[in-house]
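As structure tokens, the structure follows; a few thoughts come after it.
In this note's numbering, the protein residues as written are 130 to 423.
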């Protein structure tokens, strides 16, 4: 056979094995189905119980589950501490995101080096009742290979296939903050998974990113002019990124804490501006003087 055919014959079984392994392994890095956060929804035993992604959790549309948690940035009672310090809050606004999200996942998207992993992990820790997952880390652990190794040995297409498998596994879970790979948005099939949650785009200019990842081994930047390559990739993906629910613009002076703070605030505002359909129907019924029917 020709060299080209020989290469395909050698690579295809490895790719099939990789994807088969991921299908069974990615879930082991996701939160355990037994790891429930009862503090989120403290409701009577009469609450409707649903199943999703291996979890049992209370129906978020039920009256008991709706805890009427407001946007803390619009609540004067929460904007000042007891000592009168204007710069502090009685409650971390991130802690109040959990009951407002009601189990909905939060996905961070953006270019490599935009801070998705660091910011996502910080937001999840501050929320307290959400788990943090990083699709790149899950992929590396599941395959026993680094991202550059996968690119070198299998090629970008194989990497994107495996990346999609990981997303397909983790998106079924609830109450997660998930950091995704920079190129995950390129494939349409991935957007259907992302849209099951709230998507946050960390928008960072290429020049700022290059300062952060200078000397990087990122596979797509192994070119004569990494900055120009990064600019080209950013432009190619911009339309996809800007479909996110929330876009957070980050400049070079912002650290992880400042970025996380802004993400939390913008998520609270997004929830205010986009209440779920059932809540809109309930409000409309009450405005019309009708009883809300469960």
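We treat Cβ as the ideally placed atom computed from N, Cα and C, and that holds for glycine. None of these values were measured; they are calculated from a predicted model.
For the 8 Å CB-CB criterion, residue 252 and residue 223 form a contact. Per the DSSP secondary-structure output, residue 370 pairs with nothing in a beta bridge.
The residue from 316, 281 and 275 with its alpha-carbon nearest to that of residue 294 is 316. Straight-line measurement puts the Cα of residue 351 at about 44 Å from the Cα of residue 202. In this structure, the alpha-carbon of residue 390 lies about 34 Å from that of residue 290.
C-alpha of residue 225 to C-alpha of residue 238: approximately 22 Å in a straight line.
Excluding sequence positions up to five before and after residue 281, its CB lies within less than 8 Å of the CB of 348, all in the same chain and listed in chain order. Beta-carbon to beta-carbon, residue 232 and residue 304 are separated by about 5 Å, close enough to satisfy the 8 Å threshold. DSSP places residue 303 outside both helix and strand once states are collapsed to three, so it counts as coil. In this structure, the CA atom of residue 386 is about 19 Å from the CA atom of residue 328. Residue 298 is positioned such that its CB atom lies no closer than 8 Å to that of residue 259. Under the three-state reduction of DSSP, residue 206 is assigned to coil, being neither helix nor strand. As DSSP reads the structure, residue 237 sits in a beta bridge with 308 and 329.
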